[in-house]
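The numbers in my numbering rise by one with no breaks, and the one at position 288 of the sequence shown is 287.
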Amino acid sequence: MNKTKLTIAATALLAGMAVNAETILKIGYSNAINSHYGVGAVAFCEGVEKGTQGRYKCQQYPNNALGGEREMIEAVQIGTQDLANVSTGPLGNFVPEVKVVDIPFLFRDYDHARKVMDGPIGQDLLKKMTSKGVVGLAWTENGFRHMTNSKRAIYTPDDAKGLKMRTMENKVHMDGYKTFGILPTPMAWPEVFGALQQGTVDGQENPIPVILSGKLWQVQKHFSLTNHVYSPAALIISPAIWQKLSDTDKAVFVDAAKKASVIQRKKVNDDESNGITQMEKEGMQVVKKVDGDAFRKAVTPAYATFAKEFGADKIAAIQAIK
0 MNKTKLTIAA TALLAGMAVN AETILKIGYS NAINSHYGVG AVAFCEGVEK
50 GTQGRYKCQQ YPNNALGGER EMIEAVQIGT QDLANVSTGP LGNFVPEVKV
100 VDIPFLFRDY DHARKVMDGP IGQDLLKKMT SKGVVGLAWT ENGFRHMTNS
150 KRAIYTPDDA KGLKMRTMEN KVHMDGYKTF GILPTPMAWP EVFGALQQGT
200 VDGQENPIPV ILSGKLWQVQ KHFSLTNHVY SPAALIISPA IWQKLSDTDK
250 AVFVDAAKKA SVIQRKKVND DESNGITQME KEGMQVVKKV DGDAFRKAVT
300 PAYATFAKEF GADKIAAIQA IK
């Protein structure tokens, strides 16, 4: 074989190796691998590996192993972390338009919320992430948020008044919760269990899947089914990775993210169905009949602020979806 043919053969071999090279992607999230975040991330990674014939695989980093959600989003932006499955609470600090979905009592139920996130409004918000340094692949889910505390049962806003409550680092949440008389205390999730244990804060608010995954019954006595905020989540990817993908591989990643969303939402549904019984079994006192009308009435003044920030038309458009 002459020198030219050897060069062609070597080039072809190297090209083939490059195509078939295995890339390991780091994906992080806040809860355990068997939580709603975990099952969504695992399903996504399985879809990517299968769809790329093993050229892309994931390494899972559950339980804030790569930092809290704010740190993970920053890492995805700069490319030191490849993927994250994160809630909109901290994501809104990077993509301000997303904060609109964090308004208390904006969504009626899961059906309403999922239709919004999967429809034109939600998809437009997903696209807005690109200009802020992260690529949104699909909306996943955290769930409707509820209140727990160590002091007393909460039926009405008056019962919540004066409680020092850990909240996400999210101004929309905090503005809403102040109308309930709560003293909002923003804190990253990795710090919460210790703060509750030490009495630094009286309570916290989170979806049932998070309460279960965090075993918060160990440090909280009271749980109230307030349903005060719907908390979406998103699978995001670093632009550094996204820009390297072929159009075919990009389609694989998006398809895997959408399928992961279905699985993650199912886990949220399952935890909602079984979680209250488990919490009661673990000794929590559960308030199932909360005065939702009183909470909605209490938060009404904050809607004037939300309308100025996001536009009354945008809020009305979300509320109008059936």
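For each residue, glycine too, the CB sits at the ideal point set by N, CA and C. None of the values given here were measured: they were computed from a predicted structure.
- Excluding residues up to 5 positions away in sequence, Phe43, Leu136, Ala137 and Leu234 lie with their Cβ nearer than 6 Å to the Cβ of Ala256 in the same chain.
- Between Gln263 and Thr139 a beta carbon distance of about 5 Å is seen, short of the 8 Å cut, so the two are scored as contacting.
- Contact between the region 205-218 and the region 68-76 is not established, with fewer than three Cβ pairs separated by less than 8 Å.
- Using a C-beta cut-off of 8 Å, the region 285-295 makes no contact with the region 169-176, since fewer than three inter-stretch Cβ pairs fall below that distance.
- DSSP places Gln80 outside both helix and strand once states are collapsed to three, so it counts as coil.
- Under the three-state reduction of DSSP, Val267 is assigned to helix.
- CA-to-CA, the gap between Gln219 and Leu124 works out to about 35 Å.
- Three or more beta-carbon pairs drawn from the region 236-243 and the region 70-86 are found closer than 8 Å, and the two stretches are therefore classed as touching.
- A distance below 8 Å separates the beta carbons of Gly202 and Thr147.
- Within its own chain, the residues whose Cβ lies closer than 8 Å to the Cβ of Gly198, once the five positions on either side in sequence are excluded, are Ser149, listed in chain order.
- When the Cα atoms are used, Glu48 and Lys265 turn out to be separated by approximately 22 Å.
- Around the beta-carbon of Lys288, fewer than 16 other beta-carbon atoms lie within 10 Å, marking it exposed.
- In this chain, the alpha helix (DSSP H) harbouring Lys313 covers Ala311 to Ala319.
- Less than 8 Å separates the beta-carbon of Val133 from that of Ile72.
- Residue state for Thr276 is assigned as helix, using DSSP reduced to three classes.
- Gly118 places its beta carbon less than 8 Å from that of Ile320.
- Shortest Cα-Cα distance from Ala64 to any of Thr155, Gly180 and Ala74 involves Ala74.
- By the beta-carbon neighbour count (other beta carbons within 10 angstroms, threshold 16), Ile23 is exposed.
- For Ile207, the enclosing alpha helix (DSSP H) covers residues Ile207 to Gly213.
- Looking at Leu182, Glu45 and Asn62, the one whose alpha-carbon comes closest to that of Arg54 is Glu45.
- If you draw a straight line from the Cα of Asp270 to the Cα of Ile207, it is about 7 Å long.
- For Phe192, the enclosing alpha helix (DSSP H) begins and ends at Val191 to Gln197.
- Residue state for Gln219 is assigned as coil, using DSSP reduced to three classes.
- In the structure shown, the three-state DSSP call for Phe179 is coil.
- Per the coordinates, the alpha-carbon of Ala297 lies some 10 Å from the alpha-carbon of Asp157.
- The Cβ atoms of Trp188 and Ser29 lie closer than 8 Å to each other.
- Per DSSP, the unbroken beta strand (DSSP E) holding Met164 starts and ends at Lys163 to Thr166.
- With distances taken between CA atoms, Pro183 lies nearest to Ala159 out of Ala159, Gln196, Gly193 and Val85.
- Per DSSP, Ile32 lies in no beta strand (DSSP E) segment and is marked neither H nor E.
- Following the DSSP letters along the chain, one finds Trp188 in no beta strand (DSSP E), marked with neither H nor E.
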